[in-house]
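Here's the structure we're looking at; comments come further down.
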Amino acid sequence: MSALKIMIVEDEIIVAKDIQRILKKLGYEAFDPFANGKKALDAVEKLNPDLILLDINLKSSELDGIQVGEQIHQHYQIPFIYLTAFSDKNTLDRAKLTEPYGYIIKPFEEDDIRTAIEIAYYKYTKDLELQNKGNRFAAALDTLDVAVIITDANEKVIFMNKMAETLTGCLKQEA
2 MSALKIMIVE
12 DEIIVAKDIQ
22 RILKKLGYEA
32 FDPFANGKKA
42 LDAVEKLNPD
52 LILLDINLKS
62 SELDGIQVGE
72 QIHQHYQIPF
82 IYLTAFSDKN
92 TLDRAKLTEP
102 YGYIIKPFEE
112 DDIRTAIEIA
122 YYKYTKDLEL
132 QNKGNRFAAA
142 LDTLDVAVII
152 TDANEKVIFM
162 NKMAETLTGC
172 LKQEA
């Protein structure tokens, strides 16, 4: 496998360059850092990183790191890890909603970065495998000549195959 391509979004230039140095030392391909969240988001499609290291407190940006993380989560299937000096409950609660693959508290050591990246990317690949298995399972259920409706614990419909849609006259999205 080729080296992971990692994007750094960090507005403290000394910290950003140190992270870039560490990443290269660890064998990763590290893009030049972005100090601005909006510019980083604009570059995501062009650079197509495998993982993003994202500072939460971007002082020189109209978007903070959590807002950037939210955009990444909503629009791209790219794992990201937060970097921050803030570990208070409010910040952590906001960050969790964006479903990051990790959270590194500053100051950090090289091993903190290596470990977080390895765990995050491993989990990301396992999540993709699970998603693919779920898609294959749903495709198999769609071929059945019987109606299949799956609900969660609150009786909310989470899956309907095509036969169930036909027999009920209701689409999955409407159920």
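Here our numbering is used: the first residue of the sequence shown is 2, the next is one more, and so on. Think of the CB as a built atom: it goes at the ideal place given N, C-alpha and C, for glycine as much as any other residue.
Given residue i as reference, the closest of the options once Cα atoms are compared
i, options, result
"VAL177", "LYS39, ALA4, ALA44, ASN58", "Only positions 2 to 176 of the chain appear in this structure, which leaves residue 177 out of reach."
"ASN136", "ARG115, ASN162, CYS171", "ASN162"
"GLY170", "ALA148, GLY70, GLN21", "ALA148"
"VAL45", "HIS76, PHE109, ASP19, ASP113", "HIS76"
Exposed unless 16 or more other CB atoms sit within 10 angstroms - verdict on residue i
i, result
"TYR83", "buried"
"TYR102", "buried"
"PHE138", "exposed"
"ALA96", "buried"
"ILE159", "exposed"
"ILE118", "buried"
"GLN132", "exposed"
"ALA151", "A small fix is needed here, since residue 151 is Ile in this sequence, not Ala. Counting Cβ neighbours within 10 Å, ILE151 comes out exposed, since fewer than 16 surround it."
"ALA165", "buried"
"GLN78", "exposed"
"GLN21", "buried"
Whether residue i touches residue j by CB criterion (8 Å)
i, j, result
"ALA121", "LYS107", "no"
"ALA31", "LYS40", "no"
"PRO50", "ILE105", "no"
"LEU52", "LEU5", "yes"
"SER62", "ASN91", "no"
"PRO80", "TYR125", "yes"
"GLN72", "LEU42", "yes"
"GLY74", "GLU111", "Before going on, a small fix: residue 74 reads as His here, not Gly. No, the Cβ-Cβ distance between HIS74 and GLU111 is not below 8 Å."
"ARG115", "LEU172", "no"
First through last residue of the beta strand (DSSP E) which encompasses residue i
i, result
"THR152", "150-152"
"GLY38", "Here GLY38 belongs to no beta strand (DSSP E); instead the alpha helix (DSSP H) covers 38-48."
"VAL158", "158-161"
"ASP94", "From DSSP, ASP94 is part of no beta strand (DSSP E) but of the alpha helix (DSSP H) over 90-97."
"ILE82", "81-85"
"ASP33", "Looking at the DSSP string, ASP33 is not in any beta strand (DSSP E), and its letter there is neither H nor E."
"VAL10", "6-10"
Start and end residues, alpha helix (DSSP H) containing residue i
i, result
"ASP143", "111-143"
"VAL69", "66-76"
"VAL16", "14-26"
Quick check: the stretch 8-15 against the stretch 46-58, are there 3 or more CB pairs under 8 Å? Segments in contact, yes.
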